[in-house]
Each structure stands twice: as C-alpha cells, then as structure tokens.
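When you line the sequence shown up against my numbering, it's residues 1294 to 1595, in that order.
Remarks on the structure that follows.
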Amino acid sequence: MTNKQLQIGIIGLDTSHVPAFTELLNDPSHPYHIPGAQVIVAYPGGSEDFELSISRVAGYTDTLRDKFQVRIVESPEEVARSCDAILLESVDGRVHKDQFALIAPFGKPVFIDKPFTLSSADAEEMMRLAAEHEVRLMSTSALRYAEGLSEALAVHDKGAIIGMDVYGPMAIQPTQPGLFWYGIHTVEMLFAAMGKDCIQVTATTNEQHDLVVGEWADGRIGTLRGNRSGNNRFGALLHREQDTSFIDVYAHPKPYYASLMERVMKMFEGGEPAIDPEETIRVIRFIEAANESRETGRTVRL
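See below:
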C-alpha cells in the first residue's frame, strides 16, 4: 500500500471530522496536510432520530461532493469495494456495529470514530469480527493525541505517573447515554496516561457536573470532571512521582484531529493499530461502569 496513493472511503457524513479529515488528506495547501492518501468515495448515512446526526448530512455531503469531488454512493459496501481504507465516521455509536459488520468482510483497514460503540458486548463482537476478517481496526477520540498530552507523556525524568485529573465539557445526548457522547474524550485522555487496567469506578452527578473516580489495579487514582456549566475547554493535571504538570491541549497550533489522522494513516499504510484492541474494549467498559454508577451512586467493578 505504501507505494501508491491510498484511496480512502468515508462512511457517515454527519460529523465535523468529515470535512476536517478530507481537507487534511486532499488539500496539499493545508498547513498540516498528510500526504499519501485521498478521500475519493463516501456514503452519507445519518440517524433520523438523532438531530445532531441527520441535520448535518446534507451539508457535509454537499461539501465533499462539490468542494473535494468525492463520489457519493448508496451503501457502506459500495464504499468498501471502492477504496483501500475506510474512515467510519457515523456520529451515532448505535450504528457502528452493524455498519462494521457490512464492511469487515472486505478486509480493508478501518478507523472508527468515537464512540467505538455503546456497549462492551458490542465492542468485543466488533473486535472478534476484525480478527476473523484480518481487519486492522482502530478507534479513539482525537483528544488522546492532543500534542500537549503527547508531550507531557513523553517526559521521562520526573518519575512514574501516579495519577491524573482530567476535565472537559460533558453534554448529555439521550441516544448516546451518559459519558458516551462527550465524556469519552476525557476517558481517552485518562487511559492514554494511566493505561487500561482500571478496576472500579464511582460517579457523582447532578445537572451541572459529573465527577468520575477510577481506581487502577496498582492502586493509582484517576479522575475526570465533566462540565455542563459553561466551561467547554479540555485539560488535565498529570501527577508523577516528582512533579505535577498542567496539560494544555490548546497550546500547540496543530489540531488534535491532525495528530490523530497521522496515527490512522500509519495503520492504513500497513502498520499495526496505535491502540491495543483490549484497551479500546476497556474504554467502553469504563464508560458502561461509570454510567451505571451515575444511575445507582454505587461503586461499579469493571
């Protein structure tokens, strides 16, 4: 694949990542242009019962067709037949398992945008399908690869990471329960620093805020704070044995979706996914457990 221009297909034209990723790949004048691939085909999709999905489809379809000369097709399978690698961008996590089941038999590498899915059972089934069809599969929030976070994690002279406190906006969408809609961004940041071995979570919630406390197998504590009271910025405090540092995800001019696409392209070009499949499943299980704790007030084991 590395000796020719990769042809990329997109499934689901209902998120801002659709024009953002297409511009990164198709426009050589973009300051963070990623060479070696071009979006050539797309299936619009959209969920009729989800306003933030269906209301975006027509506009993003027009943009891809008219600005970037992307061919619009009638099914996910037609996308898979027509390209080398697939961006499954449908903003509605409920449809990801069924859409992936349609394209997995083609054996093309696939990136699935957040949320991977809305249950750990579905996450496990999707990873099983990927293994069965030898599909290289990756899913994450772009916040995992914010340059400010990556730089902080690359520091090696302040001791081991002993904890993390992450914050960000956490709007609630009924079709994507609890943390699945926006809380997943902070969960991904937390897992990027702390690893996948969280063993239990406890959530406190009211109309304005959520506070989720996770305990890891080695005793470390990580927290995430979801805001619904006006502060729409992401950030974190990263605690090491000899230091606590503030992570400003906005300090670097490179947008985090560009940093994400760089990792995705490495997989599309033949590399292994940047994230262990088991970690992706554990992210979804963490959110399931946090959502259960939001409802019951109890600590929930993972």
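Every residue, glycine too, gets a C-beta built ideally from N, C-alpha and C.
Kindly give me the distance between the Cβ atoms of residue i and residue j, rounded to whole angstroms, as I take these residues to be in contact under 8 Å.
i     : j     : result
I1580 : L1472 : 5 Å
Y1475 : A1486 : Not a contact, Cβ separation roughly 19 Å.
M1420 : I1574 : 6 Å
V1334 : S1375 : 4 Å
Pull up the distance between the alpha-carbon of residue i and that of residue j, whole angstroms please.
i     : j     : result
E1316 : I1304 : 16 Å
T1295 : M1558 : Model confidence at T1295 stands at a pLDDT of 46, short of 50, so the residue's coordinates are unreliable and nothing is read from them.
W1542 : L1553 : Reading off the sequence shown, one finds Val at residue 1542, where the question assumed Trp. Straight-line Cα distance between these residues: approximately 13 Å.
L1436 : E1371 : 31 Å
G1339 : S1432 : 19 Å
S1348 : A1496 : 32 Å
G1590 : K1451 : 36 Å
A1378 : D1342 : 29 Å
D1490 : A1510 : 6 Å
A1416 : E1500 : 29 Å
V1576 : F1484 : 7 Å
E1555 : A1394 : 25 Å
Answer with buried or exposed for residue i, where buried requires no fewer than 16 other C-beta atoms within 10 angstroms of its C-beta.
i     : result
K1407 : buried
H1389 : buried
A1551 : buried
E1481 : buried
Q1392 : buried
N1319 : buried
P1470 : buried
S1413 : buried
G1528 : buried
I1492 : exposed
D1569 : exposed
K1547 : exposed
Per DSSP, residue i forms a beta bridge with which residues?
i     : result
V1506 : T1495 and T1516
P1462 : N1520
F1393 : BP columns for F1393 are empty, so no partner.
I1379 : G1302 and V1403
M1431 : F1404
F1539 : L1530
- Touching by the beta-carbon criterion (3+ pairs, under 8 Å), the region 1560 to 1569 and the region 1445 to 1455: no
- Any 3 or more C-beta pairs closer than 8 Å across the region 1533 to 1542 and the region 1355 to 1368: no
- Check whether the region 1318 to 1336 touches the region 1407 to 1422, counting contact only when three or more Cβ pairs, one atom from each stretch, lie closer than 8 Å. no
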